[in-house]
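Here the structure comes first, spelled out in C-alpha cells, and everything after it is commentary.
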Amino acid sequence: MIANSHDLEHPMDKYLRTDRLPHVWCPGCGIGTVLSCYLHAVDNLGLDKDKLVMVSGIGCTGRAAGYVDMDSFHTTHGRAIPFAIGLKAMKPELNVTVFSGDGDLFAIGGNHIIHAARRNADINVICINNYNYGMTGGQLAPTTPETAYTTTSPYGNIEPPFNLVGLMAVSGAVYVARWTSIHVRRLTKSIEEALEKRGFCFIEVLAPCPTAFGRRNEMRDPVESLKYFKEQAIVKNFVNPLEATIEPNKKFYVGKFVDLEEEMTFEDRLWLMTSEEFLKAPSKKRKEMILGVRRHVKEHMEVLLHTPEPTEEGGKGEGV
Amino acid sequence: MVRDVLTGTHFMNGDVAAAEGAIAAGCKFYAGYPITPSSELAEHMAMRLPQAGGIFVQMEDEIASIVAMIGASWAGAKVMTATSGPGFSLMMENYGLAIMTETPCVIVNVQRGGPSTGIPTLVGQGDVMQARWGSHGPYEAIAVSPNSPQECFDLTIRAFNLAERFRTPVVVLMDESVGHMFEKVVIPDKRKIKIVNRKLADKKMKGHYLPYLADDDLIPPMAIAGEGFHVHITGLTHDERGYPDMSAEAQERLIRRLINKIKVYEDEIIDLEFDEYKDDADIYVISYGISSRCSRRAVKLARDEGIKASLVRLKTVWPFPEKYIRNLAKKAKAFVVAEINNGQILREVERCAGAKPVYFSGLMGGRVHYPEEILEKIEEAAGK
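Going down the list, the sequences are from chains U and S. Add 9 to a position in the first sequence, counting from 1, and you land on the number used in our numbering. Add 32 to a position in the second sequence, counting from 1, and you land on the number used in our numbering.
Okay, structure coming up:
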C-alpha cells in the first residue's frame, strides 16, 4: 500500500511554507536543487530558524524567499543586497542570506553587490546563474556566454559575460566559491561554510534553465545541461578567480576560490562607531580602532594573488 | 551617554533641524547619498547618529539608500533618508515598495529646481505631485511641508509619528530655501516631545500571526525580523498571509485598504495654518513651504490696500485638504495659489474651487516670489 503523497513528509518540510507548494519553477530547473542545498546546510548546522533571514530580488530565483518558513523578504528588482544591508546593520545577530539570480544581482543590482563586497557586509549571497532572464522569457543576461542565443540576442550574443567569481574576489569578498547544481554535496558544504563565516560570502551556482535558455542552445533536455556541467566542470580549490572564466563549450573551474581569515565586518565597524570609547578617543586611537583587523585593499589583493597553490578538491567518489 | 535630544535654543539651518528632529523622534538608522541641497542633513546625521546610538550609512546611490532604510525598518528601527529631486526620482520605485509592504519610514526631499539636474543650489517646489503620484499604481501619500527651520524640526518628528502610526512612508517636502535658511530653533525637553511607535505583533500570536491581517483600524500590527514570526514580505500583491495573490480581488482588497487606512484618518493627518484674517476674507491665498512666507507678506500688502485677503498654509500637502477647500469655496470670492512650479497644488485647488476663479502665481524655480508678484494676483482676484 503506497501512502498518499500528501501524507508524506519531506525531511526539509520543517523549513518550508508547505502551504505555498507546488512552486513556480519549471521541470528541470536547478533552483529547487540549490534551495534544497541551502536548507540542508541550515539543518546540518542546526541553526535557529528564528534568526535566519532570506532576502531576494525579482526573477525565478527571487521566488525562493516565498517558500522558506523563516523571515523572508521579496524586494524589488536588483535591490535584495541593500535591503539585506539595512536589516543586518540594525540586527547583526541575524544570519542574512541573499538568494537571487544573475540578472538581478549583476545587471540591475550590479552596483550594490560590488559595494557590499567592498564593505565586507556580513551577508551570504547565493547567486543562481542560469545564463539568462528566465522569468521574463529568456532574454540576454550579463552572464550569457558569447554566441549564445536568447530572445534578445537572436543572432547570437555579442557581449562578453562577467566572470562573477573574479568580480567578487577583487571587490573584497572574503569567501568566494562556484558550483553547479549537480555538485549538491560540495555546494551544501560550501553554503555551510558561508553561513558560519563572518563577512561577505559569495557562492555562484550554475543551474540549468531548459525552458528559456537550454532549448535555444542545444540543451533542451535538462539532463543534457547536467551532463554538460559534469563533463566541463573542473573541481579545484584556490584557482585564481580571475582565470575562472566561463566560455561556450570549454572546461570551467568550480570550487572555492577565496576563503580569507576572519576580519572586521561592516557591521562591526558601524557599531564600533556608536561606542563611547570610540567617540571619545583621540584621532590616532580612533584610526587604530577602525582599522582593527580589517585588511587594506592592497593587502586584500596580495592575499588574492598569493592564495595557496590550486588543490584538488578533497573527498572521494563522484565529483558531485 | 546617549545624546538624542539637544534641548535648548539653537541657531541652525533647516537641513540640520530636520536631522535633529529625526534624532529626537527616535531615528536609529539613516541611509543616504550626497546631493545638493540636502547634503548638510546627511553630514549632520553622520556626526550625530552614532552619538545617539544609531547607524549612519552612506550608500552607493539613492536607490540603495531607500532600500537599506526599508530593510532597517524591518529590523525594528525608526529610519530615514534624505535627498533632492534627482535622488527622489531614483527612489520612486521603492517608495512604492514601502507603501506596498507597509514599512514605516521617512523620506526628506529638499526640493531644488528641475527637471533633470536643473539648478542644484537653488529653490524649487516642483516635486509636489511626484510625492503624490511618483511611484506607479494607485495609492495614498502623506507629505508634510515645513516653512522654517523650526518646522523642519517639528514636522520631521511629526513625519516619524505619522509613518509609525500608519505604517507607510512619509515625505518631508522641504525646499532649498527652507533647508539652507538659518533661524532660531527651540528644541523642547525630551519629555515634552510626543512620540508614536508602530503597533507590533503580539508575541502570543507566533505560529498563527498573519502579517497583513489588519485590525479594525485598518492597520496590521508589524512583526520585526528575527523574532520568530517567520513573515514573508513581498512587493507583489498579497493576501493576509503575505503570500502573493495574482487576482483582481486580492488587488482590490489590498490596495483599497492601503488607500483607506490614510483616507479615513485624513482629518487627523491634515494640518492647516490660518492667519488672523481667516473669518473676514473673500480672497484666499493657498501656499506652502517657502512660498507661504512670501504669500504672508503679500496678504499683508493686500490688506493695506483694503483687499480682504487671507493665507491658508498647507503644513501637510498630502492628503490634500479637499473638504476644507470645498467648504471655503462656498464663501470665497476667489483663490490665489502661489508655488514654485507650473501649477501643481493649483490643480488641486481648481478641482475643489467649484465655479470660483483660481489665480496662479507660479515660478519655474531658482528664486522665491517677490511678495508684489503674489500681490498682483490677489489684486486681479479682487477685481482691482
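Where a beta carbon is used, it is the ideal one built from N, C-alpha and C, also for glycine.
Restricting attention to beta strand (DSSP E) runs no shorter than 3 residues, the segment 265-309 of chain S encloses them at 304-306, ordered along the chain. The segment 308-317 of chain S and the segment 272-281 of chain S do not touch, with fewer than three beta-carbon pairs separated by less than 8 angstroms. The DSSP-derived three-state label of Arg345/S is strand. When C-alpha distances from Thr348/S are compared across Ser71/S, Arg190/S and Ala84/S, the shortest belongs to Arg190/S. For the C-beta of His121/U, the chain S residues within less than 7 angstroms are, from N- to C-terminus, Glu92 and Ala96.
Of all residues in the segment 153-171 of chain U, none has a C-beta nearer than 8 angstroms to a C-beta of chain S. Looking only at Ser45/U, Asn53/U, Arg72/U and Val51/U, the smallest Cα-Cα distance to His264/S is reached by Arg72/U.
The beta carbon of Ala98/U falls within 8 angstroms of a beta carbon belonging to chain S, placing the residue at that interface.
With a contact defined as Cβ atoms closer than 8 angstroms, Ala216/U and Asn139/U qualify at about 5 angstroms. One Cα belongs to Arg325/S, the other to Asn179/S, and the distance between them is close to 7 angstroms. For the 8 angstroms CB-CB criterion, Thr70/U and Ile40/U form a contact. A residue is called buried when at least 16 other Cβ atoms come within 10 angstroms of its Cβ; Gly145/S meets this threshold and is buried. Annotation for Leu232/S: Pro253, Met254, Ala255 and Ile256 place their beta carbon closer than 8 angstroms to its own, counting only its chain and skipping 5 residues before and after. Judged by pairs of C-beta atoms under 8 angstroms, the segment 61-72 of chain S does not touch the segment 236-255 of chain S, as fewer than three such pairs exist.
With respect to chain U, the C-beta atom of Gln83/S has a partner C-beta closer than 8 angstroms. About 6 angstroms separates the beta carbons of Phe92/U and Ile102/S, which is inside the 8 angstroms limit, making them a contact pair. The bridge partners DSSP lists for Tyr142/U are Gln148/U. Annotation: Leu250/S to Asn120/U spans about 38 angstroms, alpha carbon to alpha carbon.
Against chain U, the beta carbon of Asn126/S has neighbours under 7 angstroms at Thr85 and Arg88, listed in chain order.
Checking the DSSP bridge columns, you'll see Tyr391/S partnered with Val368/S. Just measuring C-alpha positions, the residue of Gly394/S, Ala366/S and Leu395/S sitting nearest Gly386/S is Ala366/S. Among the bridge pairs identified by DSSP, Ser109/U is matched with Cys136/U.
Looking at Ala50/S, Asp36/S, Val217/S and Val400/S, the one whose alpha-carbon comes closest to that of Ala330/S is Val400/S. The alpha-carbon separation between Met273/U and Ala130/U amounts to approximately 9 angstroms.
In this structure, the CA atom of Cys38/U is about 11 angstroms from the CA atom of His32/U. Counting C-beta atoms within 10 angstroms of its own C-beta, Arg288/S has fewer than 16 neighbours from the protein chains shown and is therefore classed as exposed.
The three-state reading of DSSP puts Ala49/S in helix, counting H, G and I together. The criterion of a C-beta distance shorter than 8 angstroms is satisfied by Leu235/U and Ile191/U.
Going by beta carbons, Gly375/S and Phe352/S fall outside the 8 angstroms limit.
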